[in-house]
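Here the structure comes first, spelled out in structure tokens, and everything after it is commentary.
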Ligand SMILES: C[S@@+](CC[C@H](N)C(=O)[O-])C[C@H]1O[C@@H](n2cnc3c(N)ncnc32)[C@H](O)[C@@H]1O
């Protein structure tokens, strides 16, 4: 096991030279990725693909570690950069009068609320969802303002500034807390993701960083998009946001596989799910050093479409 610990950061060749018996002794997450190069070369390896999907998140995803690692302004370069790239995009997509309707569902909300801070300016009723109860619980903690809830106030302040301080931080937090009316279980791999509920449809379907981690293949992503498209009302919007060319990201000590998207794939997959794309932006990351430690993403995508 000591060798296993060393190998977490070992060069790829050390890994490839190990006997299969030695490999079996190494915990799954060491096995799947010694480096981003390993992941790219073994994208089709079924064990790598095992680091995705709802059950993997139930077992291994620690909501508080995810929040600490990526959503504390000033703590991680990757997290800061991600927030600074995406929050202005959310702010302009959900600027008052941009997208019209009453209801929004966020698919794979996780324990986060950053993606909803501007959305609550356009949609007065928000449904949050996730496969893992641990994420739904962490989210509930913040929504109910419980002791020990994550402190989102620096991120909220940043969004308030982007929105020209029309609201104070406490007002914005209160507005979002009021807007989120329910938190549901969902599985994007089911033809009815909200099963056992039937026939729910929304003016806007939003999802950030979920399909990348929920799906094992591009075919599965296309299928998941078709599944979540059933939640769109006719004419309803789809807002998707996530990482470009990302093969993994790390939460605490666990590495999660990510489907690697590019603009062309997104265009095809979203059109194939019956949407017309209104906007698809890709912004590149600048911080190459930070990437190497916890993820190998090369930028973010932000897409707005309608049915
Ligand atoms: C990287 S987190 C993203 C959380 C949040 N949306 C964000 O932007 O930070 C991926 C989320 O997808 C959820 N997830 C994984 N598989 C899923 C599935 N099959 N259906 C729905 N959600 C799933 C995980 O539980 C996790 O909360």
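Numbering (my numbering), first residue to last: 3 to 309.
Using N, Cα and C, we set each Cβ at its ideal position, and we do this for glycine too.
On the three-state DSSP scale, how would you describe residue i?
| i | result |
| --- | --- |
| residue 263 | strand |
| residue 132 | strand |
| residue 29 | No answer about residue 29 holds up, because its pLDDT of 33 lies below 50 and its placement is not dependable. |
| residue 191 | coil |
| residue 299 | coil |
| residue 281 | strand |
| residue 221 | helix |
| residue 22 | Bear in mind that a pLDDT of 37 at residue 22, under 50, signals an unreliable position, so the number given afterwards is only what the model happens to contain. Of the three classes helix, strand and coil, the one that applies to residue 22 here is helix, per DSSP. |
| residue 55 | coil |
| residue 170 | coil |
| residue 120 | coil |
| residue 65 | helix |
| residue 88 | helix |
| residue 148 | coil |
For residue i, which option in the options has the closest C-alpha, if you only look at C-alpha atoms?
| i | options | result |
| --- | --- | --- |
| residue 251 | 243, 260 and 244 | 260 |
| residue 213 | 258, 125 and 197 | 258 |
| residue 236 | 206, 198, 285 and 158 | 206 |
| residue 158 | 225, 248, 115 and 223 | 115 |
| residue 71 | 296, 244 and 300 | 296 |
| residue 188 | 110, 203, 98 and 152 | 110 |
| residue 312 | 274, 119 and 300 | Any property of residue 312 remains undetermined from this structure, which presents the chain solely from 3 to 309. |
| residue 64 | 53, 136 and 306 | 136 |
| residue 90 | 160, 102 and 60 | 160 |
| residue 218 | 190, 231 and 209 | 190 |
| residue 247 | 211, 273 and 232 | 211 |
| residue 68 | 123, 267 and 140 | 140 |
Where does residue i land, buried or exposed, given buried means 16+ other C-beta within 10 angstroms?
| i | result |
| --- | --- |
| residue 134 | buried |
| residue 288 | exposed |
| residue 138 | buried |
| residue 113 | buried |
| residue 167 | exposed |
| residue 302 | buried |
| residue 56 | buried |
| residue 286 | exposed |
| residue 215 | buried |
| residue 234 | buried |
| residue 262 | buried |
| residue 193 | exposed |
Checking the sheet assignment: what are the DSSP bridge partners for residue i?
| i | result |
| --- | --- |
| residue 184 | 129 |
| residue 286 | 301 |
| residue 79 | Answer is none; residue 79 lacks a bridge partner. |
| residue 243 | 210 and 304 |
| residue 107 | 129 and 207 |
| residue 256 | 253 |
| residue 234 | 204 |
(message) Measuring CB atoms only, is the stretch 125 to 133 touching the stretch 153 to 172, in the sense that at least three cross pairs come out at less than 8 Å?
(response) No contact exists between the stretch 125 to 133 and the stretch 153 to 172.
(message) Under 8 Å: do the stretch 180 to 198 and the stretch 71 to 85 share three or more Cβ pairs, one atom per stretch?
(response) The stretch 71 to 85 and the stretch 180 to 198 do not touch, with fewer than three beta-carbon pairs separated by less than 8 Å.
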